[in-house]
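Structure record follows, encoded as structure tokens.
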Amino acid sequence: MISPAPPHAFTLHARDGYPLSAYRYPAVGEARGNLILAGATGVQQRFYRRFAEHAAAQGFNVLTVDYRGVGESRPASLKGFEMSYLDWAYLDLAAAVDLLGAEPLPLYWVGHSFGGHAIGLLPNHACISACYSLGSGAGWAGWMPWPEALKVRLLWRWVLPPLVALKGYMAWSLLGMGDDLPRGVYRDWKRWCAYPHYYFDDPRMAHLAEQYAQVRMPCVFATSLDDPWAPPRSRDAFVKAYCNAPVTRRDLQPGNGAIGHMGYFKAQAQPLWDEILTWLGHYPRP
Numbered sequence: 001m002i003s004p005a006p007p008h009a010f011t012l013h014a015r016d017g018y019p020l021s022a023y024r025y026p027a028v029g030e031a032r033g034n035l036i037l038a039g040a041t042g043v044q045q046r047f048y049r050r051f052a053e054h055a056a057a058q059g060f061n062v063l064t065v066d067y068r069g070v071g072e073s074r075p076a077s078l079k080g081f082e083m084s085y086l087d088w089a090y091l092d093l094a095a096a097v098d099l100l101g102a103e104p105l106p107l108y109w110v111g112h113s114f115g116g117h118a119i120g121l122l123p124n125h126a127c128i129s130a131c132y133s134l135g136s137g138a139g140w141a142g143w144m145p146w147p148e149a150l151k152v153r154l155l156w157r158w159v160l161p162p163l164v165a166l167k168g169y170m171a172w173s174l175l176g177m178g179d180d181l182p183r184g185v186y187r188d189w190k191r192w193c194a195y196p197h198y199y200f201d202d203p204r205m206a207h208l209a210e211q212y213a214q215v216r217m218p219c220v221f222a223t224s225l226d227d228p229w230a231p232p233r234s235r236d237a238f239v240k241a242y243c244n245a246p247v248t249r250r251d252l253q254p255g256n257g258a259i260g261h262m263g264y265f266k267a268q269a270q271p272l273w274d275e276i277l278t279w280l281g282h283y284p285r286p
């Protein structure tokens, strides 16, 4: 197999002009399609490099991006940096769809956690041929196994509020749980994780049900049985909002090695990656 070319780093300007760090991994040989990798909350794009290189070797042009406030798209200081959690979909990922959707190739979406939420938030999802998401759930601790639920409740109630008040942002990295996050992301995430159906239960977000009902593309939402943050019942509580899309729910057996919430994109998951890419390739440009 021919090795893919090195990724091309470039600045992707969000819909409001904010400069985002992005990488494009060119397809080996004739391109079968374009693919956007929409990552999880607090996870930098470099984490998805192996998957992006593998997909490029299979004939997909792959784009990864650091959302505003994260990784290489982080400002000099997160303290005082204002944004809404949903800016990542409305402004950042929407710009990625604008870019690749203008090209004469099918456009595919692979989401991780938040990346599976973002499909229903995109203002331009109609040009995406198919979506495959991993580890996307409703975020409510009540859906989680009790040890994880206890830890999450302690974080939201006792650990994170004083930490955010002290630092001025969500210093996630100090807890070894991901990249630091802007205060606005913390504020929204904390509020919505208090609801069993995430933001769909928030009276201030009632309009989102109609947005999600507009999604028509084929979607797979897969989650591992050992994913503590997005077990199957958490996924099911969220994806029912995609009420007019042909949705397949898939439960993954972890086998001999744990998958958890992050293992979907680690090297040992390559057989899963091949299944994802094969499935996506069945859907032409809409």
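Per the numbering used here, numbering through the sequence shown is continuous, rising by one, with the last residue being 286.
Just so it is clear, CB atoms sit at the ideal spot from N, CA and C, and this is done for glycine as well.
Predicted model only: the values in this text are computed from it and were never measured.
| task | Taking only the alpha-carbon atoms, compute the straight-line gap between leucine 78 and glycine 69 and give it to the nearest angstrom. | result | 7 Å
| message | Applying the 10 Å Cβ sphere with the 16-neighbour rule, what's the burial state of threonine 248? | response | exposed
| query | So what does DSSP say about serine 113, is it helix, strand or coil? | reply | coil
| So, do the stretch 267-285 and the stretch 128-135 have three or more beta carbon pairs nearer to each other than 8 Å? | yes
| said: Can you tell me whether proline 231 is buried or exposed? The criterion is at least 16 other CB atoms within 10 Å of its CB, across all chains shown. | reply: buried
| said: Buried or exposed for arginine 74, going by 16 or more other Cβ atoms inside 10 Å? | reply: buried
| request: Classify threonine 278 as helix, strand or coil using the three-state DSSP reduction. | output: helix
| said: Considering only the alpha carbon of each residue, which of Ala141, Ala241, Pro228 lies closest to glutamine 211? | reply: Ala241
| Are isoleucine 2 and valine 43 touching if we call contact CB-CB under 8 Å? | no
| message | Assuming proline 182 is part of the alpha helix (DSSP H), what are its boundary residues? | response | Taken as a continuous stretch (DSSP letters only), proline 182 belongs to no alpha helix (DSSP H), as it is neither H nor E.
| task | May I ask you to verify whether the stretch 39-59 touches the stretch 16-30, counting CB pairs closer than 8 Å and requiring at least 3? | result | yes
| task | Following the continuous beta strand (DSSP E) through arginine 313, name the residue where it begins and the one where it ends. | result | An answer regarding residue 313 cannot be provided, because it is not within the stretch 1 to 286 covered by the chain.
| query | If we call anything under 8 Å between Cβ atoms a contact, is proline 123 one with alanine 102? | reply | no
| field | Residues bridged to cysteine 193 (per DSSP) | value | Paired residue(s): none; cysteine 193 is not in a bridge.
| In this structure, what does DSSP give as the bridge partners for alanine 226? | The sequence shown places aspartate at residue 226, rather than the alanine named in the question. In the DSSP output, where bridge partners are listed per residue, aspartate 226 has none listed.
| said: Pop quiz: arginine 32 and glycine 281 are said to be a contact at Cβ under 8 Å. What is the actual Cβ separation, rounded to whole angstroms? | reply: 6 Å
| task | Taking only heavy atoms of the ligand ADP into account, decide whether any of them is closer than 7 Å to the Cβ of phenylalanine 47. | result | The ligand ADP is not part of this structure, which contains no ligands at all.
| request: Could you check if tryptophan 158 is buried or exposed, using at least 16 other CB atoms within 10 Å of its CB as the buried criterion? | output: exposed
| Using the beta-carbon count (16 or more within 10 Å), is threonine 64 buried or exposed? | buried
| How many angstroms separate the CA atom of glycine 120 from the CA atom of glutamine 214? | 8 Å
| query | Considering only C-alpha positions, which residue in the set Arg49, Ala40, Tyr18, Gly39 is nearest to histidine 8? | reply | Arg49
| What is the DSSP secondary structure of valine 159, reduced to helix, strand or coil? | helix
| task | Could you work out which residue in Pro104, Tyr67, Tyr108 is closest to tyrosine 283 when comparing CA atoms only? | result | Tyr108
| Between the C-alpha atoms of methionine 177 and phenylalanine 60, what's the straight-line distance to the nearest angstrom? | 31 Å
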